[in-house]
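Asks: Next up is a structure, given as structure tokens.
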Amino acid sequence: MKKRSQAIVPVEPESAPRPETPSSSAQKMTIYEYEQRYVKHQNVRGAKLLIWGAAALIGVFLFVMLALLALRVYDINEYAGYAMMAVCLLIYILVFVVPLVKILRTGYFVTNVNAFTARKAQRHNKKLRHSIADKMIDLSARVDGVGWYDSQIVGRLAIAMKTGDEEGVKRNLSELYRGSVKKSAKSLIFKGAMKSAAYSALSQTAHIDAALIVVVNMQLIKDIVFLYGFRPSDAKLAKIFVQVIANSLVAYGLGNVNIGGSVVRTMGEAVRGIPILGSAIAAIIDSSVQGLVSAALTTVIGYQTIKYLNHEYRLQDILDGVSLEDTDVEIEETCAELETELKKKKKRPLADAG
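Going by the working numbering, the residue at position 203 of the sequence shown is 310; the numbering climbs one at a time, nothing skipped.
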């Protein structure tokens, strides 16, 4: 009796499970399953209006804060005030308008789709992946010591792009996002938070604190978007901009609260008899508390941005593996049935007339 041969199926170790992606599953997910699990129906026009509304609010808020600074200088000296107005306008363009334009002009992955828009979204996402890969390869080749991307993985990515290996492109991009890009993003967040803390400690003025929070937060979002090569979708980016507004309002509120003074008053008789020491402690506590809060607010913005970017990159990867063939057949069959039924209805009036 011949022994029946058995296929050997490799088993992955439990310590290194694969992420849940269509490429690792035996049966592809259908577009209907994807829509049920991951799609949140949104008003596309409403999301665009929200993002522009949030950006406008940030712009108005920053403009008012800078105008208050210019008026403060104007009260001291008229000509210095005019010069400060010109400087504030230049600052406004450089630190708000330019970053905003760069963020909005960056592409994003389309993941909220249905059976009719999925194929178009797949083509768009593939084109964006290639654009991201080209940018990473070009940046790594042209800029010495940029240190953002792992050079070995970028090399493999370049080979995959040259040979047309789409799975290789996706695999190497995913590896970069899990490794060196994530590490670089954390470094950008830390530097941005330290800037917020230092600026708040130096300014000690409510409207300057609020303006600095807007500037540092917008710069951080721009840097992270440039690092990843794509931005969050309109709905997610609008949420980030709303958080920027909330952060600046918190910073403005903290600037109007004498935190240090209240803490010093609780120290008792030890500092009450030493006015100079008491004032010094108050200034230190004020600056450290405001600086810490500003740093924390900036950190929240940074991690919220990378959270949305990672989530949408994962969704586009899942969407790329979704099966659309069955859907196409179903649509064709439904259209054929409709055509047959309409032809029958068209013949019935003629028969009745005869």
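C-beta: ideal position from N, C-alpha, C; glycine also.
This one's a predicted model, so the numbers in the text were calculated from it and none came from an experiment.
#1: Whole-angstrom Cβ separation of Thr405 and Asn324, contact assumed at under 8 Å?
#2: I'd like to know whether the C-beta of Leu164 is nearer than 8 Å to at least one C-beta of chain B.
#3: Work out the CA separation of Val220 and Thr270 for me, nearest whole Å.
#4: Which value, in whole angstroms, describes the spacing of the CA atoms of Gly214 and Leu431?
#5: Quick one: give me the first and last residue of the alpha helix (DSSP H) that Phe223 is part of.
#6: Find the nearest neighbour of Ala163 within the set Leu280, Val250, Phe348 and Ala193, judged by alpha-carbon distance.
#7: Output needed for Ser386: all residues of its chain with C-beta closer than 6 Å, excluding positions within five of it in sequence on either side, in chain order.
#8: What three-state label does DSSP hand Thr213 in the structure shown?
#9: Assign Ser430 to one of three DSSP states: helix, strand, or coil.
#10: Between Asp424, Tyr335, Ala193 and Gln326, which has its C-alpha nearest Val202's C-alpha?
#11: Need the endpoints of the alpha helix (DSSP H) that Asp330 sits in, please.
#12: Please return the same chain residues whose Cβ sits closer than 6 Å to the Cβ of Ala228, not counting the five positions on each side in sequence.
#13: Mind reading off the beta-carbon distance from Leu426 to Asn232? Whole number of angstroms is fine, and I expect it under 8 Å.
#14: When the Cα of Leu156 is compared with those of Ser340, Ala358 and Asn354, which residue comes out closest?
#15: Since Thr137 is in the alpha helix (DSSP H), which residue starts that stretch and which ends it?
#16: Could you say if the segment 348-360 and the segment 251-267 meet the contact criterion of at least three C-beta pairs nearer than 8 Å?
#17: If you draw a straight line from the C-alpha of Gln149 to the C-alpha of Ala342, how long is it?
#18: Excluding the five sequence neighbours on either side, which residues of its own chain have a C-beta within less than 7 Å of the C-beta of Leu246, listed in chain order?
#19: Quick test of your reading: Leu169 and Tyr199, contact by CB under 8 Å. State the CB separation rounded to the nearest angstrom.
#20: Helix, strand or coil: how does DSSP classify Lys289 here?
#21: Are Thr412 and Ile320 close, meaning C-beta to C-beta below 8 Å?
#22: CA-CA distance, Ser303 and Ile183?
#23: Assuming Pro398 and Ser307 are in contact, meaning their beta carbons sit under 8 Å apart, how far apart are those beta carbons, in whole angstroms?
#24: By DSSP, does Trp255 sit in helix, in strand, or in coil?
#25: Does the beta-carbon distance from Ile352 to Ala161 come in below 8 Å?
#26: Please say whether Ile239 and Gly153 have beta carbons closer to each other than 8 Å?
#27: Measure the beta-carbon distance from Cys195 to Leu176 and round it to whole angstroms, keeping in mind my assumption that it falls under 8 Å.
#28: Report back the beta-carbon spacing between Ile158 and Leu344 to the nearest angstrom; my notes put them in contact at under 8 Å.
#29: What's the gap between the Cα of Ile381 and the Cα of Arg249?
#30: Mapping the DSSP letters down to three states, classify Lys206 as helix, strand or coil.
#31: Alpha carbon to alpha carbon, what distance is there between Val171 and Arg285?
#32: Ordered along the chain, which non-local residues of its own chain (more than five positions away) have a Cβ less than 8 Å from that of Ser241?
#33: In this structure, does DSSP put Gln423 in helix, strand or coil?
Replies: Once the coordinates are examined:
#1: Counting from 1 along the sequence shown, the entry for residue 405 is found at position 298. Counting from 1 along the sequence shown, the entry for residue 324 is found at position 217. Their Cβ separation, rounded to whole angstroms, is 6 Å, which keeps Thr405 and Asn324 in contact under 8 Å.
#2: Absent from the structure is chain B; it holds one protein chain and no more.
#3: Position 163 of the sequence shown holds residue 270. Position 113 of the sequence shown holds residue 220. Computed Cα separation, rounded: 30 Å.
#4: The residue labelled residue 214 in the question sits at position 107 within the sequence shown. The residue labelled residue 431 in the question sits at position 324 within the sequence shown. The straight-line gap from Cα to Cα measures roughly 24 Å.
#5: If you number the sequence shown from 1, residue 223 lands on position 116. Element bounds for Phe223: n/a, residue is neither H nor E.
#6: Indexing the sequence shown from 1 puts residue 163 at position 56. The residue with the shortest Cα to Cα distance from Ala163 is Phe348.
#7: The residue labelled residue 386 in the question sits at position 279 within the sequence shown. Its pLDDT being 46, under 50, Ser386 is placed unreliably in this model, and the value from its coordinates should be taken loosely. Closer than 6 Å at the Cβ level, and outside the excluded window around Ser386, lies no residue.
#8: Along the sequence shown, one-based indexing puts residue 213 at 106. It is coil, neither helix nor strand.
#9: One-based indexing of the sequence shown puts residue 430 at position 323. Of the three classes helix, strand and coil, the one that applies to Ser430 here is strand, per DSSP.
#10: As a first step, residue 202 must be located in the sequence shown, where it is residue number 95. The shortest Cα separation from Val202 among Asp424, Tyr335, Ala193 and Gln326 belongs to Gln326.
#11: Mapped onto the sequence shown, residue 330 falls at position 223. Residues Ala313 to Tyr335.
#12: Numbered from 1 along the sequence shown, position 121 holds the residue referred to as residue 228. Val217 and Val220.
#13: Here residue 426 refers to the residue found at position 319 when the sequence shown is read from its first residue. Here residue 232 refers to the residue found at position 125 when the sequence shown is read from its first residue. Confirmed, about 7 Å.
#14: The count along the sequence shown starts at 1 and reaches residue 156 at position 49. Minimum Cα distance to Leu156 is reached at Ser340.
#15: Against the sequence shown, residue 137 aligns to sequence position 30. Segment: none, Thr137 is in no alpha helix (DSSP H) and carries neither H nor E.
#16: no
#17: For the purposes of this step, residue 149 is taken as residue 42 along the sequence shown, with counting starting at 1. For the purposes of this step, residue 342 is taken as residue 235 along the sequence shown, with counting starting at 1. In a straight line, the C-alpha of Gln149 is about 8 Å away from that of Ala342.
#18: Translated into the one-based positions of the sequence shown, residue 246 becomes position 139. Once the five neighbours on either side are set aside, the close Cβ partners of Leu246 are Val253.
#19: Within the sequence shown, numbered from 1, the residue matching residue 169 stands at position 62. Within the sequence shown, numbered from 1, the residue matching residue 199 stands at position 92. Rounded, the Cβ-Cβ distance is 7 Å, consistent with contact.
#20: What you label residue 289 is simply residue 182 of the sequence shown in a count that begins at 1. Lys289: helix per DSSP, three-state reduction.
#21: Within the sequence shown, the letter at position 305 stands for residue 412. Within the sequence shown, the letter at position 213 stands for residue 320. Their beta carbons are not under 8 Å apart, which means Thr412 does not touch Ile320 by this criterion.
#22: In the sequence shown, residue 303 corresponds to position 196, counting from 1. In the sequence shown, residue 183 corresponds to position 76, counting from 1. Whole-angstrom Cα-Cα distance: 28 Å.
#23: The residue labelled residue 398 in the question sits at position 291 within the sequence shown. The residue labelled residue 307 in the question sits at position 200 within the sequence shown. According to the sequence as given, residue 398 is Gly; it is not Pro. Between Ser307 and Gly398 the Cβ distance is about 5 Å, and since that is below 8 Å, they are a contact.
#24: Here residue 255 corresponds to residue number 148 of the sequence shown, with the count starting at 1. Here Trp255 sits in coil by DSSP.
#25: Indexing the sequence shown from 1 puts residue 352 at position 245. Indexing the sequence shown from 1 puts residue 161 at position 54. Cβ atoms of Ile352 and Ala161: closer than 8 Å.
#26: Locating residue 153 in the sequence shown gives position 46, where the first residue counts as 1. Locating residue 239 in the sequence shown gives position 132, where the first residue counts as 1. No, Cβ-Cβ distance for Gly153 and Ile239 is not below 8 Å.
#27: The sequence position of residue 195 within the sequence shown is 88, counting from 1. The sequence position of residue 176 within the sequence shown is 69, counting from 1. About 6 Å; that satisfies the 8 Å criterion.
#28: As a working note, residue 158 is residue 51 in the sequence shown. As a working note, residue 344 is residue 237 in the sequence shown. At roughly 6 Å, the Cβ-Cβ gap stays under 8 Å, so Ile158 and Leu344 are in contact.
#29: Position 274 of the sequence shown, counting from 1, holds the residue named residue 381. Position 142 of the sequence shown, counting from 1, holds the residue named residue 249. Confidence is the limiting factor: at Ile381 the pLDDT is only 43, short of 50, which leaves the residue's position unreliable and the question unanswerable from this model.
#30: Indexing the sequence shown from 1 puts residue 206 at position 99. Correcting the residue type first, residue 206 is Pro in the shown sequence and not Lys. Looking at Pro206 - three-state DSSP - the assignment turns out to be helix.
#31: The sequence position of residue 285 within the sequence shown is 178, counting from 1. The sequence position of residue 171 within the sequence shown is 64, counting from 1. So the alpha carbons of these two residues sit roughly 40 Å apart.
#32: The count along the sequence shown starts at 1 and reaches residue 241 at position 134. According to the sequence shown, residue 241 is Asp rather than Ser. Hits under 8 Å: Met268.
#33: As a working note, residue 423 is residue 316 in the sequence shown. Residue state, collapsed to three classes: helix.
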